[in-house]
Amino acid sequence: MQATDVEKVPSLFSRTNPFQARVLKNVNLNGEGSSKETRHIELSLQGSGFSYEPGDCLGIVPYNDPELVTLILEVMKWDADTTVVINKQNETLPLKEALLKHFELTLLSKKIVQQAAELSESKELKQLVADAEKMKAYTHGRDLLDLLSEFGPWKASVHEIVALLRKLPPRLYSVASSLAANPEEVHLTIGAVHYMAHGRERKGVCSVMCAERLNEGDTIPVFIQVNKHFRLPETLEHDIIMVGPGTGIAPFRSFIQERTVSKATGKAWLFFGDQRAATDFLYQQELEQYLQAGVLTKIDAAFSRDTDQKVYVQHNMQENSRELFAWLERGAYFYVCGDKQNMAKDVHNTLIDIIEKEGQLSREDAEAYLNGLQEQGRYQRDVY
Ligand code: NAP
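Counting from 1 along the sequence shown, just add 293 to a position and that's the residue number in my numbering.
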């Protein structure tokens, strides 16, 4: 066996057997007065045997908000210690632990509401499930507690209701560190999700667990999720353009750290965006140091709430359209990470606009140019 083969021994830990990673650091990256809370979390992978590459994700197995579990137990007047079956293998847990750690409580599927209606005498619930449009509207933004409290009293037993629930899935986060730069560590950038819906504050299961209930020294169950579709260029001399507003910055911190260690010679251009420069410029100092060191060639930051008119990453791309196209023409790789629904679509369309204008191409040819980049692996997206 060669020395390098040691690294290739597969880890004993995986999605089905997660590693308990110790929290080394957990800080808020946003300044006072920000409307956001973005946690920078550092975990120790010592003893895990895990390795990862920039672009990969870390899976976290979360547990539910204990306050939500208490409310469900109270509304249903259930005994927290009742033993319930949690899966098809007939494994059991005490009810409170099952609700806390095993079942998904914060999303309501159409299937759960339909099956619940079969266990209920409620006319309103039966009317609701008979109307597809109303059902869709009802499940949006509501959770198990809403269903149980709105359509009670329930004749169904705790076992019948628990049998409707899905297993709580792990959450995946793009790694924000390079293993080469931080041996036996992984860093994450996680935005805490809080919002009001239907008169109650809703919280992202894993993001709020990380923000509010995860202290330095605690451990959390994690695993590596390989993502071969989001990778640095194989050679060190290629230029890269990275568009990562908000928590979309995460994989690019990993990219930049990796290219520092590997002494990449290609240029690197980062488009970052968030609400306010004073409080929301994530990793600002670090990024400026990378700029000084020359690992980053250029940063363009867009702050959407500092001016009357919103400025977004794609506006900065537009302003630099000639240079951006020149980078593409010289073989640059283009990466996007972050919000799928709006940002990634707008960035995609802006990229076509830029290629059309600067390449003096028809819309069709500009789209074909971008498809070509994608086929060559030079346009990669990690959007969620
Ligand atoms: P974020 O909410 O994506 O915000 C980062 C920056 O992007 C803000 O300055 C925001 O501006 C701006 N932005 C909003 N719409 C944009 C667009 N169409 N094009 C370009 N920039 C745009 O950052 P985050 O808090 O780190 O959140 C990222 C995560 O939240 C992702 O998981 C994302 O999927 C999720 N998210 C989704 C939605 C959604 O509606 N699908 C909304 C928010 C967050 P303003 O907020 O000032 O407009």
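Note that CB positions come from ideal geometry on N, CA and C, so glycine has one too.
Option in Lys394, Leu351 and Arg332 with minimal Cα separation from Asp358: Lys394
Near the ligand NAP: Asn613 beta-carbon under 7 Å from a heavy atom: Outside the cutoff, so no.
Burial state of Ala296 (16 or more Cβ within 10 Å): Note that Ala296 scores 40 on pLDDT, short of 50, meaning its location in the model is unreliable; the coordinates nonetheless yield the value given after this. Ala296 is exposed by the Cβ-count criterion.
Inter-stretch contact at 8 Å, needing at least 3 Cβ pairs: the segment 300 to 319 / the segment 482 to 499: no
Cβ-based neighbour list, Val422, same chain, cut-off 7 Å, excluding 5 preceding and 5 following: Excluding sequence neighbours, Val422 sits near Val406, Gln407, Ala410 and Met428.
Residue burial classification, Ala634 (beta-carbon count within 10 angstroms, cutoff 16): Note that residue 634 is Gln in the sequence shown, not Ala. With fewer than 16 other Cβ atoms within 10 Å, it is exposed.
Backbone secondary structure at Ser655 - three-state DSSP: coil
Closer than 7 Å: Ser341 CB and nearest the ligand NAP heavy atom: Flag unset: Cβ of Ser341 not near the ligand NAP.
Own chain partners of Arg671 with C-beta closer than 6 Å, once the 5 adjacent residues on each side are dropped: Tyr626
Assigned exposure category for Glu530 - 16 Cβ within 10 Å defines buried: exposed
Host alpha helix (DSSP H) of Glu530 (start-end): Counting along the chain, Glu530 falls outside any alpha helix (DSSP H), and DSSP gives it neither H nor E.
Three-state secondary structure (DSSP) of Arg671: Three-state DSSP puts Arg671 in coil, outside helix and strand.
Cβ shell of Asp298 (< 7 Å), same chain only, five flanking positions each side left out: Only weak support exists for where Asp298 lies, its pLDDT of 42 falling under 50; the value from the coordinates is given anyway. Closer than 7 Å at Cβ, skipping near neighbours: no residue.
Exposure label - Arg615; buried when at least 16 CB within 10 Å: exposed
Nearest residue (CA-CA) to Glu478, options Ala314, Ile647, Gln667 and Ala659: Ala314
Cβ shell of Ala504 (< 7 Å), same chain only, five flanking positions each side left out: Glu330, Arg332 and Ala485
Length of the line joining the Cα atoms of Phe444 and Asp372: 20 Å
Chain C contact for Val422 (CB, 8 Å cutoff): Checking the listed chains, one finds no chain C in this structure; it contains a single protein chain.
Where the beta strand (DSSP E) containing Thr679 begins and where it ends: Residue 679 is absent from the model: the chain starts at 294 and stops at 677.
Trp678 in three-state terms, based on DSSP: Only positions 294 to 677 of the chain appear in the structure, and residue 678 is not among them; the question remains open.
Cβ shell of Gly541 (< 6 Å), same chain only, five flanking positions each side left out: Cys630 and Gly631
Segments of 4+ residues assigned as alpha helix (DSSP H) that fall wholly inside the segment 340 to 398: 359 to 369
Near the ligand ADP: Leu336 beta-carbon under 7 Å from a heavy atom: Because the ligand ADP does not appear in the structure shown, any question about it cannot be addressed here, the ligands present being the ligand NAP.
Among Tyr662, Ala637 and Met636, nearest to Ile647 - alpha-carbon criterion: Here the closest residue by C-alpha is Tyr662.
Cβ-based neighbour list, Val377, same chain, cut-off 7 Å, excluding 5 preceding and 5 following: Thr385, Leu386, Leu388, Ala391, Val451, His452 and Val455
Closer than 7 Å: Asn664 CB and nearest the ligand NAP heavy atom: Because no heavy atom of the ligand NAP lies under 7 Å away, the Cβ of Asn664 does not count as near it: no.
Assigned exposure category for Gln602 - 16 Cβ within 10 Å defines buried: exposed
8 Å Cβ cutoff met for Thr553 and Ala474: yes
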